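Visitor: Per our numbering, the sequence shown starts with residue 140, numbered consecutively.
Glycine included, every Cβ here is placed at the ideal spot set by N, Cα and C.
Bear in mind the structure is a predicted one, so any value in this text is a computation, not a measurement.
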Amino acid sequence: MKGFDEYMKEFDRIMEKKYVIPKSKWTPQDEAVYLPKDPFRIPLKEAEELRFKALKYSFSHHYKNNTFYNKLCKERGVKPEDIKKPSDLVKIPLVPDKFFKDYPDDGRSFAVWLSNIYTGKLPEIYIKKRNPKTEDVIDDFNTSGLTVTLSSGTSGKHTFIPRDADTIRRASYSIAKN
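1. Compare the Cα-Cα distances from residue 294 to each of 245, 287, 241 and report the closest residue.
2. Kindly indicate which three-state DSSP category residue 314 falls into: helix, strand or coil?
3. Considering just the uninterrupted stretch of the beta strand (DSSP E) at residue 234, what are its terminal residues?
4. Keeping to the same chain, check which residues put their C-beta closer than 6 angstroms to that of residue 175; ignore five residues upstream and five downstream.
5. By the three-class DSSP mapping on this structure, what secondary structure does residue 180 have?
6. What does the alpha-carbon distance come out to for the pair residue 149 and residue 205?
7. In or out: residue 195 buried (at least 16 other Cβ within 10 Å) or exposed?
8. May I ask you to report which of helix, strand or coil DSSP gives residue 206?
9. Count the other CB atoms, across all protein chains shown, that sit within 10 Å of the CB of residue 171; report buried if there are 16 or more and exposed otherwise.
10. Would the segment 243-257 and the segment 274-293 be scored as touching if the rule is three or more Cβ pairs under 8 angstroms?
11. If we call anything under 9 angstroms between Cβ atoms a contact, is residue 250 one with residue 276?
12. Evaluate residue 222 with the Cβ neighbour count: other Cβ atoms within 10 Å of its Cβ, from every protein chain shown; 16 or more gives buried, anything less gives exposed.
13. So is residue 265 buried or exposed if we call it buried at 16+ other beta carbons inside 10 Å?
14. What do you get for residue 142, buried or exposed, if any count of 16 or more other CB atoms within 10 angstroms of its CB means buried?
15. Per DSSP, residue 302 is paired with what?
16. Does DSSP put residue 294 in a helix, a strand or coil?
17. Measure from the alpha carbon of residue 187 to the alpha carbon of each residue in 203, 201, 168, 199, then state which is nearest.
18. How long is the line joining the alpha carbons of residue 296 and residue 316, rounded to whole angstroms?
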C-alpha cells in the first residue's frame with residue numbers, strides 16, 4: 140500500500156502537465172493552491188498567511204481588471220491599498236450570488252452581460268448566429284478560449300460566470316486534490 144508522500148508524488152506527476160500552472164507564472168493564488176502538500180494538515184499560521192496573500196491579490200486583480208467590480212468598490216469606498224492585514228479582509232465587497240442570476244434572456248444581450256462581468260482582457264469572441272440563444276453564446280464564448288461555468292439551477296435560474304483557462308486549471312486541481 141502506498142504511503143501519503145508516495146501517493147502525492149504520483150498525484151502531482153499526473154496532474155502537473157494538465158492542471159498545474161507553470162511556477163514562473165504563479166500568483167499568490169497559485170501558491171495557496173499548489174504549495175500545501177496536504178491542505179488539511181497545514182500549520183494554521185501558514186494557512187492564514189497563504190489565504191491573506193491570495194485574497195489580497197485576488198481583490199486587487201478584480202479591482203484593476205473588472206470595470207463592474209471596480210465601480211462597486213469605489214461606491215463602497217474600498218480600494219486594494221486598504222487591505223493591509225487579515226482583519227481588513229472584511230472590507231472587501233462581496234458580489235451577491237443573485238447578481239450572477241440577473242442576466243438578460245436574449246442571446247446578444249446575454250453576450251454583452253457576460254463580457255461585462257468577466258475579469259481580464261477578453262479574447263476575440265465571434266457570435267456566429269444573428270439571433271443567438273443563450274446556449275449559442277455560451278458555445279461561442281467557450282470556443283474563444285474562455286469557459287462559461289454554470290450552476291445546476293436548483294434555485295430556478297442558473298448562475299453563469301465566465302472563467303479563463305488558468306482559473307479552470309486551479310479549480311480542477313483543487314477539486315481533485317481535496
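Guide: The short version:
1. 241
2. helix
3. Counting along the chain, residue 234 falls outside any beta strand (DSSP E), and DSSP gives it neither H nor E.
4. Cβ within range, chain order: 181.
5. coil
6. 38 angstroms
7. Residue 195 comes out buried.
8. helix
9. Around the beta-carbon of residue 171, 16 or more other beta-carbon atoms lie within 10 Å, marking it buried.
10. yes
11. yes
12. buried
13. exposed
14. exposed
15. Under DSSP, residue 302 shares a beta bridge with 286.
16. coil
17. 168
18. 30 angstroms
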